[in-house]
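Student:
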């Protein structure tokens, strides 16, 4: 980890729209060599936070300290009706990069995203996936001290998204840059994040290493958002929240329940199981149990929180 001060720090930041606070009490520090990912439900304030950190929106309260140049790439690629190479040259010119350096920096960024062959193509002939790669390459070419990306994989079909996600997980890592990425999909977060921030109701509800946040959520709202879809009431009055991956069909398992629903998936089925004191979801290879079957399961893991009746949805 870089020992220098954070490239960007937000302390007690709040954003208001009229009398409504969209963000409140936000504390964030972005450090070189680290990819920080913000995830949360739609409308929770993720893009608003990125805009505030990037200086595109003024906070209603709090302070933001920047120790370097910050570049922000918003959701829409918004490429000029020029060639791909000209789009990168234009961005580098605006950033103040001398003309003699622009070609080399643009070529390096295009190579990083494996789109060198697109340099001469006109932007309006690109596919959605190609445009996204150019958009990202243009941002990387700037060589900023901190790079803020808003939903860089939005609107892509699954295969194209998977390919770009794989390449971006390498391209975004640099010891000289702090990177912040806003996403809405958990798989994207796990692939990219060195540090994960969960934003709920305009506040940071959890942050830390992705595995730590996933395995040990701090509150039930975070657990539900992170896919802890099963709930079991405990004798002490607490509720155990469980992910499908933590449930195993086992003839000798200590819990028995009724299969209420089957949802076909690419590699099997997701079964919803009603228990006397809660409900679980479990994945099974195809064909799996049928609706109405009584099955035995065992649970390995989960997060327990006090109070409240278990969810049955």
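Numbering (the working numbering), first residue to last: 35 to 347. Glycine included, C-beta positions come from ideal geometry on N, C-alpha and C.
One question on the structure: do residue 113 and residue 143 come within less than 8 Å of each other, judged by their Cβ atoms?
Tutor: Translated into positions along the chain shown, residue 113 becomes position 79. Translated into positions along the chain shown, residue 143 becomes position 109. Going by C-beta atoms, residue 113 is not nearer than 8 Å to residue 143.
Student: How many Å lie between residue 238 and residue 217 at the Cα?
Tutor: As a first step, residue 238 is located in the chain shown; it is residue number 204 there, counting from the start. As a first step, residue 217 is located in the chain shown; it is residue number 183 there, counting from the start. C-alpha separation (whole angstroms): 15 Å.
Student: Taking residue 79 as the reference, give the member of 277, 234, 284 and 164 with the closest Cα.
Tutor: Working through the chain shown from its first residue, we reach residue 79 at position 45. The shortest C-alpha separation from residue 79 is found at 234.
Student: Roughly how many whole angstroms lie between the Cα atoms of residue 293 and residue 337?
Tutor: For this step, residue 293 is matched to residue 259 along the chain shown. For this step, residue 337 is matched to residue 303 along the chain shown. Residue 293 and residue 337: Cα-Cα distance of roughly 23 Å.
Student: List the endpoints of the continuous beta strand (DSSP E) containing residue 201.
Tutor: Taking the first residue of the chain shown as position 1, residue 201 is located at position 167. Per DSSP, residue 201 belongs to no beta strand (DSSP E); it is in the alpha helix (DSSP H), 192-205.
Student: Identify whether residue 300 lies in helix, strand or coil by the three-state DSSP scheme.
Tutor: Within the chain shown, numbered from 1, the residue matching residue 300 stands at position 266. Residue state, collapsed to three classes: coil.
Student: Check whether the Cβ atoms of residue 98 and residue 47 lie closer than 8 Å to each other.
Tutor: Taking the first residue of the chain shown as 1, we reach residue 98 at position 64. Taking the first residue of the chain shown as 1, we reach residue 47 at position 13. Yes; because the gap between Cβ atoms is below 8 Å, this pair is in contact.
Student: Please work out which residues of its chain come closer than 6 Å, Cβ to Cβ, to residue 345, disregarding the five sequence neighbours upstream and downstream, and give them in chain order.
Tutor: Your numbering for residue 345 matches position 311 in the chain shown. Note that residue 345 scores a pLDDT of 46, beneath 50, so its modelled location is shaky and nothing firm can be said.
Student: Determine, using beta-carbon pairs with one atom in the region 111-126 and one in the region 82-95, whether at least three such pairs fall under 8 Å.
Tutor: Touching, no.
Student: Which residues in the same chain have their Cβ closer than 6 Å to the Cβ of residue 91, if we skip the five residues on either side of it in sequence?
Tutor: The sequence position of residue 91 within the chain shown is 57, counting from 1. So the qualifying residues of the chain are 85.
Student: When the Cα atoms are used, what is the spatial distance from residue 83 to residue 326?
Tutor: Along the chain shown, read from residue 1 onward, the residue named residue 83 stands at position 49. Along the chain shown, read from residue 1 onward, the residue named residue 326 stands at position 292. Approximately 47 Å, taken between the alpha carbons.
Student: Among the candidates 162, 173 and 243, whose CA atom is the shortest distance from the CA of residue 139?
Tutor: Here residue 139 corresponds to residue number 105 of the chain shown, with the count starting at 1. The residue with the shortest Cα to Cα distance from residue 139 is 173.
Student: Find out if the Cβ-Cβ distance for the pair residue 71, residue 199 is shorter than 8 Å.
Tutor: As a working mapping, residue 71 is identified with position 37 in the chain shown. As a working mapping, residue 199 is identified with position 165 in the chain shown. Going by C-beta atoms, residue 71 is not nearer than 8 Å to residue 199.
Student: Give the C-beta separation of residue 180 and residue 41 to the nearest angstrom, bearing in mind that I take them to be a contact with Cβ-Cβ under 8 Å.
Tutor: To locate residue 180, count along the chain shown from 1; it is residue 146. To locate residue 41, count along the chain shown from 1; it is residue 7. Indeed, because the Cβ distance is near 4 Å, the residues count as touching under 8 Å.
Student: Reducing DSSP to helix, strand and coil, say where residue 268 ends up.
Tutor: Sequence index remark: in the chain shown, residue 268 carries index 234 (1-based). Of the three classes helix, strand and coil, the one that applies to residue 268 here is coil, per DSSP.
Student: How many angstroms separate the CA atom of residue 252 from the CA atom of residue 103?
Tutor: By 1-based counting over the chain shown, the position of residue 252 is 218. By 1-based counting over the chain shown, the position of residue 103 is 69. Near 34 Å, if we compare the C-alpha coordinates of residue 103 and residue 252.
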